[in-house]
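What follows is a single structure, written as structure tokens, with notes after it.
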Amino acid sequence: MDSRELTPEELEKKKKKEEKAREKELKKQKAAQKAAAAKIQAQQPQNASKSEKKKSSKRESEEDNPEDYVDPVTPLGEKKKLSRQMAKTYNPSAVENSWYEWWEKSKFFEADAKSSKPPFVIVLPPPNVTGALHIGHALTAAIEDTIIRWRRMSGYNALWVPGMDHAGIATQVVVEKKIMRELKLTRHDVGRENFVAQVWKWKEEYGGTILKQLRRLGASLDWSRECFTMDEKRSVAVNEAFVRLHKQGLIYRDLRLVNWDCVLRTAISDIEVDYIEIKERTPLRVPGYDTPVEFGVLTSFAYPLEGGLGEIVVATTRVETMLGDTAVAVHPEDPRYSHLHGKFVVHPFNGRKLPIVCDAVLVDMNFGTGAVKITPAHDPNDFEVGRRHNLDFINVFTDDGKINSNGGSDFEGMPRFKARVTIIEALKEKGLYRGDKNNEMRLGVCSRSNDVIEPLIKPQWYVNCKNMAQQSLDAVIDATNPKMEIIPKQYVADWKRWLENIRDWCISRQLWWGHRIPAWYAVLEEDELKELGAYNDHWVVARNEEEAQKEASRLYSGKKFQLFQDPDVLDTWFSSGLFPLSVLGWPDNTDDLRAFYPTSVLETGHDILFFWVARMVMLGITLGGDVPFSKVYLHPMIRDAHGRKMSKSLGNVIDPLEVIKGVTLENLHKRLEDGNLDPNELKTAKEGQKKDFPKGIPECGADALRFALVSYTAQSDKINLDIQRVVGYRQWCNKLWNAIRFAMTKLGDNYTPPSEIDLAAMPSSCKWILSVLNKAISKTVVSLDAYEFSDAATALYSWWQFQLCDVFIEVIKPYFSGNNPNLESERRFAQDTLWLCLDYGLRLLHPFMPFVTEELWQRLPSKKDSVRKESIVVSEYPAVVESWTNADVELEMDIVESVVKSLRSLRSQLEPNERHERRAAFVRCRTHEARDTVKKHELEITTLATLSSLSVLTEGDDAPAGCKVDVVNEALQVFLKQKGNINVEAELEKLKKKMEDVQKQHETLVKKTSAPGYKDKVPAHIRDVDEAKLAALLQEILSFKEASELLQREK
111 MDSRELTPEE LEKKKKKEEK AREKELKKQK AAQKAAAAKI QAQQPQNASK SEKKKSSKRE
171 SEEDNPEDYV DPVTPLGEKK KLSRQMAKTY NPSAVENSWY EWWEKSKFFE ADAKSSKPPF
231 VIVLPPPNVT GALHIGHALT AAIEDTIIRW RRMSGYNALW VPGMDHAGIA TQVVVEKKIM
291 RELKLTRHDV GRENFVAQVW KWKEEYGGTI LKQLRRLGAS LDWSRECFTM DEKRSVAVNE
351 AFVRLHKQGL IYRDLRLVNW DCVLRTAISD IEVDYIEIKE RTPLRVPGYD TPVEFGVLTS
411 FAYPLEGGLG EIVVATTRVE TMLGDTAVAV HPEDPRYSHL HGKFVVHPFN GRKLPIVCDA
471 VLVDMNFGTG AVKITPAHDP NDFEVGRRHN LDFINVFTDD GKINSNGGSD FEGMPRFKAR
531 VTIIEALKEK GLYRGDKNNE MRLGVCSRSN DVIEPLIKPQ WYVNCKNMAQ QSLDAVIDAT
591 NPKMEIIPKQ YVADWKRWLE NIRDWCISRQ LWWGHRIPAW YAVLEEDELK ELGAYNDHWV
651 VARNEEEAQK EASRLYSGKK FQLFQDPDVL DTWFSSGLFP LSVLGWPDNT DDLRAFYPTS
711 VLETGHDILF FWVARMVMLG ITLGGDVPFS KVYLHPMIRD AHGRKMSKSL GNVIDPLEVI
771 KGVTLENLHK RLEDGNLDPN ELKTAKEGQK KDFPKGIPEC GADALRFALV SYTAQSDKIN
831 LDIQRVVGYR QWCNKLWNAI RFAMTKLGDN YTPPSEIDLA AMPSSCKWIL SVLNKAISKT
891 VVSLDAYEFS DAATALYSWW QFQLCDVFIE VIKPYFSGNN PNLESERRFA QDTLWLCLDY
951 GLRLLHPFMP FVTEELWQRL PSKKDSVRKE SIVVSEYPAV VESWTNADVE LEMDIVESVV
1011 KSLRSLRSQL EPNERHERRA AFVRCRTHEA RDTVKKHELE ITTLATLSSL SVLTEGDDAP
1071 AGCKVDVVNE ALQVFLKQKG NINVEAELEK LKKKMEDVQK QHETLVKKTS APGYKDKVPA
1131 HIRDVDEAKL AALLQEILSF KEASELLQRE K
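All residue numbers for the sequence shown refer to our numbering, where the first residue is 111 and numbers rise by one.
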């Protein structure tokens, strides 16, 4: 619940808005139903005679009413009503409609803290309240939903907690722009209290769009536990964490350098700084400046030595900071300056004496003049020099980036980059300018405002991270008792490097939107200096103002004082770092906290391993007593199909909702035009879109997008996302759809699945598909358990596509052709096996593709006298059935598939007009085992290879004439009858190439087995395998030679 309750009027308004939305959705569904029926009607034949139309009309009324193929309208939240007949093709928008609202209303996603099931918990990385769904969010949701649905179906008390981050800077910037656009006012014009009220109002109205969009992806989040980093409970947790860490001496206040944004007027974190690589003199646009500012320039100037003894030349890329110089550093061993140790230079604009200090840490005597200007208040390296040599720290900038009074009256009030130009002119006038040159540099800019970052010295609150970092490091690398695993392992090195070199964490931000720091400054009546923060020991840290008042009264007993709360807010990463604790109710000892902490896995992008993951672990160990999760899975970053980073200016940003719904090229262009690209960037971006999406993006649906993203996770640290791959999976959904349509026609309306199956009596093809289904189940579960999502997706795809659809469904078709009474038994077994495959296969696939699997599973008939689960969401995930495993049948089918592959290869070599005709084929077998296998599977081979007949020959039989020939393996040759004469030379050349490949394999294996030490080093069982392989290859070579001789006779 948010800290601001809605008024009764607002609640009523919200209720009416939701009712309107529901009415609108129902109207849309009815319109879609009518349109779909009309479309089907329009596809009926138009040019028919009256009698034909009459017959057709009668047939349609009995068999093919268009409305039978359209889903009836389902009231919001009710179980989806399915059409009487399955639509003839898969339509993602129709399939993915209505299911989610029913799942949510049925509370399938809600976890129970009192459950006896083992818990499995994921906390969704909280997206920014300002955000809209982008492809990175879609990847996160696809992976996490796959994990959580699998665990839920596997008997776990699965909890996936949704939440939103208040996103301090991002949200403040959005609302600032809004009030400037609408009211022509700045936040300072509006005032803090009114501005914060405006942000809350904006959040209620527009915030959280992304959580609604996650529903469209099918994310099975427990919405009853939805939270916001600034709601009441999370705010209490943040204050409690600050107070506890302060009491432990881990939070303190200090004067240090920060990354300062002069536009936003706040310190920002390292992750909010983007770096531009500048090779040479480069003009860049900077907010607040009418003309571009030049960067990549190294300017040299001279400091006069005290007493007119000469000068020292220094160089800088930021001339304006020289107003705050407090020393010049040289190397203690540099002979050029040995006579100046302990001397002074004189500042040309204010006469300040600057000491010449010796510093071997900073100064490289071989670089430039060997002398370095030192500005401790405006440079990280100079800051450390200032501390080492006890120098003055003089800040010369105001918070909005102008020169302050410390910079001198000649420059006071000037914007920093205008002062840069003025100072160079002033140096020239004084004869101290020594020229400039190109300089390669990295320029830090704020990712939010595009302002150039200015290092400023500011009093801030810090977290001492040293001991927490060590504990977090040990949690991963402790060889005896590791508490946390990072996947992939390659990121452990990054974890180690960052935590070993950690610096204390600056947690204060000079913003208005965020958690106000729970610290009050006591201004005593007797204090000489009255400004906030003048005395560092006057701060009182407390959970609220009342507590602060009591503590201040104790500390300053008998003294008069006033309390003022620190105006700063906490870094957003502080509250998000507490998220695994705060979402479960910490600091209260809630049922959720006891049941679900620590959580099971944290899944996120590798780019925030330090900024977020490390901080969660540090705070979790310190405040929660344990690591917040036992595993961290880091997904790759998504690039475009060409490996480029996604950027608006390239036009390659992919909106997941546009992939789900489809979008025209024109509308892709319109999205760019509505942005803020300059004309050149817009032109480039449009050209990029036209090249990558010439016809726009077809409607793919959420299931296809999810499956594609999960399949891509094997690609190391980057995903090169090709939309055509998503389109491919959308077409595959159609394959699944057709498999179920086929099954429904073959099962019939009165089919009831058996409670048990007689495995021994089944045809071989039925035994085989169940055996390979077992393998698919095993591979999927093992891969999911190991976070190898791509392998799991591949195992599923391969079984559905290449084994169920391409082989099994094809080989059982003859059983249903013509209702042959001799095939009654096979027909019944095929029905039972088909039902088993679809039931297991859909449940196996459900975590990856939730919508289509639910829709298809709901259409399957249920077993007699058994109560099926209401939804596939809460059904059981398939487990291996040991009795199904049959290695012998699998080996036989491998041979069948090899024979079919060779025959199909021969067919592909026929003339185009002959390829689709059924042909006679022959299989010549060298062994009894091979002959028995082929004879046993004649029907399967004939069906899969589309043959008119199949003859099985032994080694002693004459080879058939007028045939194309191929060698399957050492025991089998195949022949395919051809019309007309054989091109013997061409056939011999093909056999020759194949034989050469086999000979190479044979030579490689001979070399391996003849190597010194082979018999001593290689285990006996591997030597046996090699020996058998050698014999097989040799026999295969002989088969090729024999086939060649047979062809020679046809010359």
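Glycine included, each C-beta is placed from N, C-alpha and C at the ideal position. Computed from a predicted model, the values in this text were never measured in an experiment.
Check: From Ile258, Tyr907 and Ala871, pick the residue whose C-alpha is nearest to that of Lys885; which is it?; Outcome: Tyr907
Check: Go ahead and label Asn267 buried or exposed: buried means 16 or more other beta carbons lie within 10 angstroms of its beta carbon, across all protein chains shown.; Outcome: buried
Check: Out of Met756, Thr714 and Met728, which one is the CA nearest neighbour of His1168?; Outcome: No information on residue 1168 is available, as it lies outside the stretch 111 to 1161 that the chain covers here.
Check: What first and last residue would you give for the beta strand (DSSP E) that runs through Glu371?; Outcome: According to the sequence shown, residue 371 is Asp rather than Glu. Residues Ile361 to Asp371.
Check: Between which residues of its own chain and Leu1020 is the CB-CB distance below 7 angstroms, once the five residues before and five after are set aside?; Outcome: Gln1088
Check: Would DSSP call Phe218 helix, strand or coil?; Outcome: coil
Check: Leaving aside the five residues before and after Phe454 along the sequence, list all residues of the same chain whose C-beta is less than 8 angstroms from its C-beta, in chain order.; Outcome: Leu415, Glu416, Lys463, Leu464, Pro465 and Ile466
Check: Mind checking Gly420: buried by the 16 CB within 10 Å criterion, or exposed?; Outcome: exposed
Check: Mark Thr682 as exposed unless 16 or more other C-beta atoms lie within 10 angstroms of its C-beta, in which case mark it buried.; Outcome: buried
Check: Identify which residue in Tyr399, Met728, Thr392 and Phe961 has its Cα closest to the Cα of Cys372.; Outcome: Tyr399
Check: Do you know how far the Cα of Thr904 is from the Cα of Asp222?; Outcome: 33 angstroms
Check: So the candidates are Leu621, Lys800 and Asp942; which of them puts its Cα closest to the Cα of Asp868?; Outcome: Asp942
Check: Can you give me the start and stop residues for the alpha helix (DSSP H) that Trp345 sits inside?; Outcome: At residue 345 the sequence reads Ser, which differs from the Trp that was named. Start and end: Glu342 to Lys357.
Check: With the cut-off set at 9 angstroms, would you say Leu1013 and Ile1051 are in Cβ contact?; Outcome: yes
Check: Report all residues from its chain with a CB closer than 6 angstroms to the CB of Gln581; omit the five preceding and five following residues, and keep chain order.; Outcome: Ile731
Check: For Gln659, does the three-state DSSP call read helix, strand or coil?; Outcome: helix
Check: By a C-beta neighbour count over all protein chains shown, 10 Å radius and 16 as the cutoff for buried, is Cys810 buried or exposed?; Outcome: buried
Check: DSSP three-state label for Tyr1124, please.; Outcome: helix
Check: Taking 9 angstroms as the CB-CB cut-off, is Arg302 touching chain B?; Outcome: Note that chain B does not occur in the displayed structure, where there is just one protein chain.
Check: What is the DSSP secondary structure of Thr479, counted as helix, strand or coil?; Outcome: coil
Check: Mind reading off the beta-carbon distance from Val306 to Trp623? Whole number of angstroms is fine, and I expect it under 8 angstroms.; Outcome: 6 angstroms
Check: Do Lys973 and Pro863 have their C-beta atoms within less than 9 angstroms of each other?; Outcome: yes
Check: With C-beta atoms as the reference, is Met854 less than 9 angstroms away from Met263?; Outcome: no
Check: Residues in its own chain within less than 8 angstroms of Tyr572 by CB, not counting five upstream and five downstream?; Outcome: Ile361, Tyr362, Arg363, Asp364, Arg366, Asp614, Trp615, Cys616 and Ile617
Check: Can you tell me whether Arg1029 is buried or exposed, with buried defined as 16 or more other CB within 10 angstroms of its CB?; Outcome: buried
Check: Could you give the distance in angstroms between the alpha-carbon of Arg704 and the alpha-carbon of Trp847?; Outcome: 44 angstroms
Check: Given a threshold of 16 other Cβ atoms within 10 Å of its Cβ, counted over all protein chains shown, does Tyr316 qualify as buried or as exposed?; Outcome: exposed
Check: For Ile378, write down the residues that DSSP places opposite it in a beta bridge.; Outcome: Asn369
Check: Among Thr427, Val353 and Ile833, which residue has its Cα nearest to the Cα of Ile764?; Outcome: Ile833
Check: Look up Ser410 in the DSSP assignment and give the residues it is bridged to.; Outcome: Ala425
Check: Alpha carbon to alpha carbon, how far is Pro155 from Asn844?; Outcome: Unreliable placement is indicated for Pro155, whose pLDDT of 44 sits below 50; the coordinate value is still reported in the next sentence. About 24 angstroms.
Check: Which residues in the same chain have their Cβ closer than 6 angstroms to the Cβ of Ile388, if we skip the five residues on either side of it in sequence?; Outcome: Phe405, Gly406, Met551 and Leu553
Check: Measure the alpha-carbon distance for Asp255 versus Val990 and round it to whole angstroms.; Outcome: 23 angstroms
Check: To the nearest angstrom, how far is it from the Cα of Pro569 to the Cα of Asp299?; Outcome: 26 angstroms
Check: Are the region 219–234 and the region 684–703 touching, with three or more C-beta to C-beta distances below 8 angstroms?; Outcome: yes
Check: Among Gly241, Gln841 and Gln620, which residue has its Cα nearest to the Cα of Ala280?; Outcome: Gly241
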